[in-house]
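So the structure is just underneath, and the comments pick up after that.
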Amino acid sequence: SSTGPAPVFPHRRRRRRSDGAMCWRVLAGSPRRKGDAGEGSGAAKQAGAAKQAGAAQAPAASGAAGVVRVGLIADIQYADCEDGTDFEGTEQRHFRNSIEIARSAVRCWNADPVEVVIQLGDIIDGCNARLNASGDAMAKVLNTLDQCTASRRFDLIGNHELYNVRRENLASSGLRCFDDSGKTYYSAHLGGMWEAIFLDAYEHALIGMGDGEEGYMKARDIMQQNNPRVLDPSNKNWFDGLPEDLHRFVPYNGGASPEQVSWLEGALAAAAVAGRKVLVFSHVPLYEPATKKKTLIWNFQEIMRVLHSHKDTVVAVFAGHDHNGGYAVDDAGLHHVTMNSPLTAPVGSACFAVLECHDSGMARFIAHGRACVESGTNANGRAYAEIVLAKGAQNLPVEGTAIIGEAEKLSSVVAMGFTPEQARGALDMANGSVDGAIQLLVE
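Per my numbering, the sequence shown starts with residue 16, numbered consecutively.
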């Protein structure tokens with residue numbers, strides 16, 4: 016239970032769209048109105064600090080009185096190719112279906128309008144680069160998101176962006192991952208008392224850059240110290256013999272520079288002086304209980320120390336990257352929401368969210384489909400229908416929503432000593448029954 020008075024939210028009524036998905040209609044005592052233009056980055060005496068923090072963007076207009084509505088989606092990873100799996104052969108990926116979920120999200124965001132859309136990275140899959148289809152795939156998803164009536168969209172840089180587009184070419188890719196000064200980490204006033212901070216989780220990275228570039232050379236140094244095996248092209252097992260606490264040091268993750276961490280400190284200080292509440296967005300998660308050891312930003316400890324030093328200002332951290340999702344609250348009371356991926360969502364389902372940011376300083380994450388599920392369950396645990404983001408709030412997943420997914424079924428059969436290919440074929444023949452698949456394979 017909350018340590019303070021229960022937050023008061025407008026009454027909401029769920030209604031069904033023509034395509035069967037559910038949307039929330041916000042009902043308030045006064046009609047929707049446009050919010051004030053705001054003062055950009057805070058009081059005049061903070062203008063210098065706020066400008067350095069990259070916060071001088073115009074706020075979104077408010078929807079229902081006192082509420083800023085934000086559409087959220089992560090890891091679309093679209094590709095025009097047949098369904099496949101991850102490298103381990105256990106995660107089913109529905110490449111063409113992911114854009115259908117993005118289209119459903121846009122329809123919902125337009126039906127009950129959001130003012131802002133935040134796309135948490137990995138907008139297209141890395142296989143597009145091998146297919147020489149990066150440009151077409153990117154244009155197709157961006158065109159889908161452009162159909163949203165939200166006044167602004169923010170795109171984060173994920174590893175799959177960098178598999179498809181070199182960092183130096185991101186500015187011409189159509190992605191909106193820069194502020195007006197060209198920085199890839201920055202803050203933006205969402206409206207009312209709410210500030211968003213966008214981190215660049217791949218400022219130091221082995222992908223999207225090459226020899227001689229500062230971010231790449233720093234990444235090589237980090238790998239040399241923590242997991243040098245990834246620098247040997249002949250080594251195909253990055254984790255062999257590697258302590259679990261170092262599992263994050265692999266090429267699909269990245270790190271933030273000391274300059275970015277220092278900037279974050281200044282941006283949070285400026286937000287605190289301006290009386291703002293902050294939501295942090297990073298493609299790669301920052302907190303292990305909301306994800307796993309293999310999907311953490313390299314220097315998450317440094318970033319978390321900064322966030323905890325401003326725990327009265329920071330409300331929540333949102334991430335993608337880990338397709339299985341997760342949710343946890345850290346020792347400072349910060350909420351960490353790792354969104355599930357539309358790429359691995361069952362065909363015909365939804366996987367996106369709406370974030371309601373209230374002038375009371377409370378926010379509410381409203382899931383559509385399995386947009387966030389219990390941590391550590393390989394996406395098959397109970398799902399969160401809503402998550403109240405406030406200090407002291409306790410959120411529980413919905414009972415009866417756990418599933419035995421395709422990945423878990425495949426893992427169960429593979430654990431009996433069969434190859435992923437044998438397991439997949441037997442599961443197809445047994446209509447998804449694990450027992451039936453094993454019986455077919457042992458006969």
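The beta-carbon is built from N, C-alpha and C at its ideal position, and this holds for glycine as well.
Worksheet entry | Helix, strand or coil at K292 [DSSP, three-state] | Locating residue 292 in the sequence shown gives position 277, counting from the first residue. Secondary structure at K292: strand, using DSSP grouped into helix, strand and coil.
Worksheet entry | Simplified DSSP state of R31, which is helix, strand or coil | Residue 31 sits at position 16 when you count from the first residue of the sequence shown. Here the model assigns R31 a pLDDT of 41, short of 50, so the residue's position is not dependable, and the following value carries that caveat. DSSP places R31 in strand when its eight states are reduced to three.
Worksheet item: Do L171 and F264 have their C-beta atoms within less than 9 Å of each other?
Response: Indexing the sequence shown from 1 puts residue 171 at position 156. Indexing the sequence shown from 1 puts residue 264 at position 249. In this structure, F264 does not lie closer than 9 Å to L171 by Cβ.
Worksheet item: Going by the CB atoms, is the gap between S202 and V293 shorter than 9 Å?
Response: Position 278 of the sequence shown, counting from 1, holds the residue named residue 293. Position 187 of the sequence shown, counting from 1, holds the residue named residue 202. Yes; because the gap between Cβ atoms is below 9 Å, this pair is in contact.
Worksheet item: Smallest Cα separation from A117: which of L370, F433, A438, A360?
Response: Here residue 117 refers to the residue found at position 102 of the sequence shown. Closest option to A117, Cα to Cα, is A360.
Discussion item. In the DSSP output, what is H383 paired with across the bridge?
Written reply: By 1-based counting over the sequence shown, the position of residue 383 is 368. H383 is bridged to F367.
Discussion item. Quick check: what's the CA-CA separation for G391 versus V121?
Written reply: Against the sequence shown, residue 391 aligns to sequence position 376. Against the sequence shown, residue 121 aligns to sequence position 106. Their Cα atoms are separated by approximately 29 Å.
Item to complete: Would you decide whether T353 is buried or exposed? Buried here means 16 or more other CB atoms lie within 10 Å of its CB.
Response: Position 338 of the sequence shown, counted from the start, is the residue given in the question as residue 353. Buried, by the Cβ-count rule.
Item to complete: Flag this pair as yes or no: are the beta carbons of E228 and R182 separated by less than 9 Å?
Response: Locating residue 228 in the sequence shown gives position 213, where the first residue counts as 1. Locating residue 182 in the sequence shown gives position 167, where the first residue counts as 1. A contact, by the Cβ cut-off of 9 Å.
Worksheet item: So Q134 is in the beta strand (DSSP E); what residue range does that whole segment cover?
Response: Residue mapping note: residue 134 aligns to position 119 of the sequence shown, counting from 1. For Q134, the uninterrupted beta strand (DSSP E) run begins and ends at 131-134, by DSSP.
Worksheet item: Taking Cβ positions, are N393 and S364 nearer each other than 9 Å?
Response: Position 378 of the sequence shown, counted from the start, is the residue given in the question as residue 393. Position 349 of the sequence shown, counted from the start, is the residue given in the question as residue 364. No, the Cβ-Cβ distance between N393 and S364 is not below 9 Å.
Worksheet item: The alpha helix (DSSP H) with V121 in it runs from where to where?
Response: Looking up residue 121 in the sequence shown gives position 106. Its alpha helix (DSSP H) spans residues 112-126.
Practice prompt. Could you check which residue in A305, V276, H109 has the C-alpha nearest to that of V388?
Written response: Residue mapping note: residue 388 aligns to position 373 of the sequence shown, counting from 1. Per the Cα distances, A305.
Item to complete: Please work out which residues of its chain come closer than 7 Å, Cβ to Cβ, to I418, disregarding the five sequence neighbours upstream and downstream, and give them in chain order.
Response: Position 403 of the sequence shown, counted from the first residue, corresponds to residue 418. Counting only Cβ-Cβ distances below 7 Å, and skipping sequence neighbours, we find N395.
Worksheet entry | Residue(s) in a DSSP beta bridge with E401 | If you number the sequence shown from 1, residue 401 lands on position 386. DSSP lists I381 as partners of E401.
Item to complete: May I have the straight-line CA-CA distance separating Y231 from Y342, to the nearest angstrom?
Response: On the sequence shown, residue 231 is found 216 positions in, with the first residue counted as 1. On the sequence shown, residue 342 is found 327 positions in, with the first residue counted as 1. If I take the Cα positions, the gap works out to 31 Å.
Item to complete: Alpha carbon to alpha carbon, how far is L404 from G225? Give it in angstroms, no decimals.
Response: Translated into positions along the sequence shown, residue 225 becomes position 210. Translated into positions along the sequence shown, residue 404 becomes position 389. The straight-line gap from Cα to Cα measures roughly 40 Å.
Practice prompt. In the DSSP assignment, find the alpha helix (DSSP H) that holds G230 and state where it starts and stops.
Written response: Counting from one through the sequence shown, the residue named residue 230 turns up at place 215. For G230, the enclosing alpha helix (DSSP H) begins and ends at 229-241.
Worksheet item: Got a sec: does the ligand GTP put a non-hydrogen atom nearer than 8 Å to the Cβ of Y178?
Response: With respect to the ligand GTP, the structure offers nothing, as it holds no ligand at all.
Worksheet item: Using the rule of at least 16 other Cβ atoms within 10 Å of the residue's Cβ for burial, across every protein chain shown, is G173 buried or exposed?
Response: Here the question's residue 173 lines up with position 158 in the sequence shown. Looking at its Cβ environment, which holds 16 or more other Cβ atoms inside 10 Å, G173 is buried.
Discussion item. Quick check for students: name the residue ranges of the alpha helix (DSSP H) that lie wholly in the stretch 266-320, counting only runs of 4 or more.
Written reply: You should have 273-288.
Fill in: Beta carbon of K424 nearer than 9 Å to that of V330
Residue numbering aside, residue 424 sits at position 409 when the sequence shown is read from its first letter. Residue numbering aside, residue 330 sits at position 315 when the sequence shown is read from its first letter. Pairing K424 with V330 gives a Cβ-Cβ distance that is not under 9 Å.
Practice prompt. Using three-state DSSP, classify G207 as helix, strand or coil.
Written response: Counted from its first residue, the sequence shown places residue 207 at position 192. Of the three classes helix, strand and coil, the one that applies to G207 here is coil, per DSSP.
Item to complete: Taking only the alpha-carbon atoms, compute the straight-line gap between L411 and Q107 and give it to the nearest angstrom.
Response: As a working note, residue 411 is residue 396 in the sequence shown. As a working note, residue 107 is residue 92 in the sequence shown. Taking the straight line from one Cα to the other gives about 27 Å.
Worksheet entry | Span separating the alpha-carbon of F213 from that of V288 | Translated into positions along the sequence shown, residue 213 becomes position 198. Translated into positions along the sequence shown, residue 288 becomes position 273. The straight-line gap from Cα to Cα measures roughly 19 Å.
Practice prompt. Measure from the alpha carbon of G189 to the alpha carbon of each residue in H350, M319, I139, then state which is nearest.
Written response: Mapped onto the sequence shown, residue 189 falls at position 174. That would be I139, whose Cα lies nearest to the Cα of G189.
Fill in: Alpha carbon of Q335 to alpha carbon of A430, nearest angstrom
For the purposes of this step, residue 335 is identified with residue 320 of the sequence shown, where counting begins at 1. For the purposes of this step, residue 430 is identified with residue 415 of the sequence shown, where counting begins at 1. Correcting the residue type first, residue 335 is Gly in the shown sequence and not Gln. Our two residues, G335 and A430, have alpha carbons roughly 28 Å apart in a direct line.
Discussion item. So the candidates are N143, A154, D127; which of them puts its Cα closest to the Cα of T164?
Written reply: Translated into positions along the sequence shown, residue 164 becomes position 149. Across the set N143, A154, D127, the C-alpha of D127 shows the shortest separation from the C-alpha of T164.
Worksheet item: For D170, which three-state DSSP category applies?
Response: Residue 170 sits at position 155 when you count from the first residue of the sequence shown. Reduced to three states, the DSSP call for D170 is strand.
Worksheet entry | Nearest-angstrom Cα separation, counted from D101 out to E458 | Translated into positions along the sequence shown, residue 458 becomes position 443. Translated into positions along the sequence shown, residue 101 becomes position 86. Rounded to the nearest angstrom, the gap between the Cα atoms of E458 and D101 is 28 Å.
Worksheet item: Within 10 angstroms of its Cβ, does P300 collect 16 or more other Cβ (buried), or is it exposed?
Response: Numbered from 1 along the sequence shown, position 285 holds the residue referred to as residue 300. It is buried - the Cβ of P300 has at least 16 other Cβ atoms within 10 Å.
Discussion item. Relative to the C-alpha of L261, which candidate in H298, E303, A368, I222 has its C-alpha closest?
Written reply: Counted from its first residue, the sequence shown places residue 261 at position 246. Ranked by Cα distance from L261, the first of H298, E303, A368, I222 is E303.
Discussion item. Restricting to Cα atoms, I'd like to know which of S149, F193, E210 is closest to A284.
Written reply: By one-based count along the sequence shown, residue 284 stands at place 269. Ranked by how close their Cα comes to the Cα of A284, the residues S149, F193, E210 have E210 in first place.
Discussion item. If distances are taken between C-alpha atoms only, which option among W253, Y178, L160 comes closest to G119?
Written reply: As a position in the sequence shown, residue 119 is number 104, starting the count at 1. The amino acid at residue 119 is misidentified as Gly; the sequence shows Ser. Among W253, Y178, L160, the Cα nearest to that of S119 belongs to L160.
Worksheet item: beta strand (DSSP E) containing V85: first to last residue?
Response: On the sequence shown, residue 85 is found 70 positions in, with the first residue counted as 1. Start and end: 82-88.
Discussion item. Let's test the definition: count the other Cβ atoms within 10 Å of the Cβ of S356 and tell me whether it reaches 16, buried, or not, exposed.
Written reply: Residue mapping note: residue 356 aligns to position 341 of the sequence shown, counting from 1. S356 should be labelled buried.
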